[in-house]
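Data block below; observations after.
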Amino acid sequence: MKDALGSPQSMLLLGGTSEIGLATAKALVSRRTRTVVLAGRRPAALEAPVEELRALGAERVEVLAFDADDTASHADFVARAFTACGDIDVALLAFGVLGDQRSAEDAPEQAVALLRTNLVGAASLGLHVAQHLRRQGHGTLAVLSSVAGERARRSNFVYGSSKAGMDAFFEGLGDSLVGSGANVLLVRPGFVHTKMTAGLDPPPFSTTPEKVAEVIVKAIESGAERAWAPPQLRYLMSAVRHLPRSLFRRIEV
Ligand SMILES: NC(=O)c1ccc[n+]([C@@H]2O[C@H](COP(=O)([O-])OP(=O)(O)OC[C@H]3O[C@@H](n4cnc5c(N)ncnc54)[C@H](OP(=O)(O)O)[C@@H]3O)[C@@H](O)[C@H]2O)c1
155 MKDALGSPQS
165 MLLLGGTSEI
175 GLATAKALVS
185 RRTRTVVLAG
195 RRPAALEAPV
205 EELRALGAER
215 VEVLAFDADD
225 TASHADFVAR
235 AFTACGDIDV
245 ALLAFGVLGD
255 QRSAEDAPEQ
265 AVALLRTNLV
275 GAASLGLHVA
285 QHLRRQGHGT
295 LAVLSSVAGE
305 RARRSNFVYG
315 SSKAGMDAFF
325 EGLGDSLVGS
335 GANVLLVRPG
345 FVHTKMTAGL
355 DPPPFSTTPE
365 KVAEVIVKAI
375 ESGAERAWAP
385 PQLRYLMSAV
395 RHLPRSLFRR
405 IEV
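At position 136 of the sequence shown the residue is numbered 290 (the numbering used here), and the sequence of numbers has no breaks.
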């Protein structure tokens, strides 16, 4: 249960090796979060993060294996996560893949695999987590969407459409939770310097995992349901969404 100041006591991180996810876990533990469940598809890679979170003051850090693509295992996995934690104040859905647009156009099975992870996997895990939050009567399901989903670009439409789909899905899931005590927080970062974007040219407004974490923590504590990182992207993307298509096509994005 969040404390009197709105700070979560416990967190489930889905995508335990995500740089944005881990920066958020560290920011929360540096405040008042004491129990963390780190879930990832490569549990051995979670050993170092476990130690980092303990060093920051986490009292209980559990590791669980999950694969976003293995939807048949999600019910059991989410049940185990809630049993391990007892009570989850924040579940952060931080897994995802960027893929390679050009090769996905040449090999459609790559596009399908990306959509399976980013959209189908996210939807499946989101629904299972939401069932538990509803039962608890409290908790925030924070979801890493992207500004890429606000308007799909020619250069990145496979990833962009996966984020557009997941964003719409979680908007609806958030609406379905109204009155339950639980809520959905949609986080829409721009370009973030992580291993996902390594080697790519950073556009204006690029940011760091730590800055995104600050935005997420503030949004969780204030009960916000949408957040952009950096926050100015909210206004920029609103303009981008409304550009006439003929003009949008002429811009190199
Ligand atoms: N970086 C950006 O510019 C940016 C901008 C907007 C939104 N986002 C979104 O923010 C989230 C986190 O991104 P990040 O930058 O922190 O990326 P990251 O450091 O590359 O982390 C991606 C995470 O996804 C996990 N993952 C991928 N496929 C999985 C699967 N099938 N099952 C379970 N886990 C899987 C990875 O696990 P492994 O370590 O095992 O590969 C890793 O934990 C993603 O959803 C991303 O789309 C990122």
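In this text, a Cβ means the ideal position worked out from N, Cα and C, and glycines have one as well.
Does the beta-carbon of residue i, which I'm using as the reference point, lie nearer than 6 Å to any heavy atom of ligand 1?
i, result
"residue 174", "yes"
"residue 298", "yes"
"residue 343", "yes"
"residue 171", "yes"
"residue 248", "yes"
"residue 349", "yes"
"residue 254", "no"
"residue 191", "no"
"residue 195", "yes"
"residue 244", "no"
"residue 237", "no"
"residue 378", "no"
"residue 321", "no"
"residue 367", "no"
"residue 251", "yes"
"residue 361", "no"
"residue 346", "yes"
Measure how close the beta-carbons of residue i and residue j come, nearest whole angstrom, since I'm counting them as under 8 Å.
i, j, result
"residue 305", "residue 404", "Not confirmed; about 14 Å, so no contact."
"residue 165", "residue 190", "5 Å"
"residue 235", "residue 246", "Actually they do not touch by this definition, with Cβ atoms about 12 Å apart."
"residue 335", "residue 291", "4 Å"
"residue 363", "residue 351", "Not quite, the Cβ-Cβ distance comes to about 11 Å (not below 8 Å), so this is no contact."
"residue 220", "residue 195", "7 Å"
"residue 328", "residue 379", "6 Å"
Cutting at 8 Å between CB atoms, please list the residues of its own chain near residue i, excluding the five before and the five after it.
i, result
"residue 210", "180, 183, 184"
"residue 212", "183, 187, 188, 189, 190"
"residue 359", "344, 345, 384, 386, 387, 390"
"residue 371", "178, 181, 182, 185"
What residues in its chain sit with their C-beta under 6 Å from that of residue i, if we drop five residues either side in the sequence?
i, result
"residue 369", "381, 383"
"residue 373", "339, 381"
"residue 271", "222, 223, 251"
"residue 294", "244, 337, 339, 374"
"residue 265", "258, 312"
"residue 322", "none"
Would you report the Cα separation of residue i and residue j, rounded to the nearest angstrom?
i, j, result
"residue 331", "residue 285", "9 Å"
"residue 248", "residue 157", "24 Å"
"residue 255", "residue 275", "20 Å"
"residue 199", "residue 207", "14 Å"
"residue 232", "residue 355", "37 Å"
"residue 162", "residue 399", "43 Å"
"residue 365", "residue 168", "19 Å"
"residue 262", "residue 268", "10 Å"
"residue 201", "residue 177", "16 Å"
"residue 238", "residue 315", "34 Å"
"residue 281", "residue 260", "32 Å"
"residue 204", "residue 172", "13 Å"
"residue 326", "residue 296", "14 Å"
"residue 175", "residue 193", "11 Å"
"residue 324", "residue 289", "18 Å"
"residue 170", "residue 367", "14 Å"
"residue 242", "residue 401", "46 Å"
"residue 353", "residue 307", "19 Å"
Excluding the 5 residues preceding and the 5 following residue i in the sequence, name in chain order all residues of the same chain whose CB lies nearer than 7 Å to its CB.
i, result
"residue 317", "272, 299, 300, 302, 303"
"residue 278", "225, 228"
"residue 333", "none"
Can you confirm whether residue i, when its beta carbon is compared against all beta carbons of chain B, has any partner nearer than 7 Å?
i, result
"residue 387", "The structure shown contains no chain B; it is built from a single protein chain."
Cβ of residue i within 6 Å of any heavy atom in ligand 2?
i, result
"residue 222", "For ligand 2, the structure offers nothing, since it holds only ligand 1."
request  = Within the region 177-220, note down every full alpha helix (DSSP H) run reaching 4 residues or more, in order along the chain.
outcome  = 201-210
query = What alpha helix (DSSP H) runs, 4 residues minimum, are completely inside the region 361-397?
reply = You should have 363-376, 387-396.
Minimum length 3: unbroken beta strand (DSSP E) runs contained in the region 332-361 = The qualifying runs are 336-343.
key: Whole beta strand (DSSP E) elements within the region 230-308, 3-residue minimum   = 244-247, 293-298
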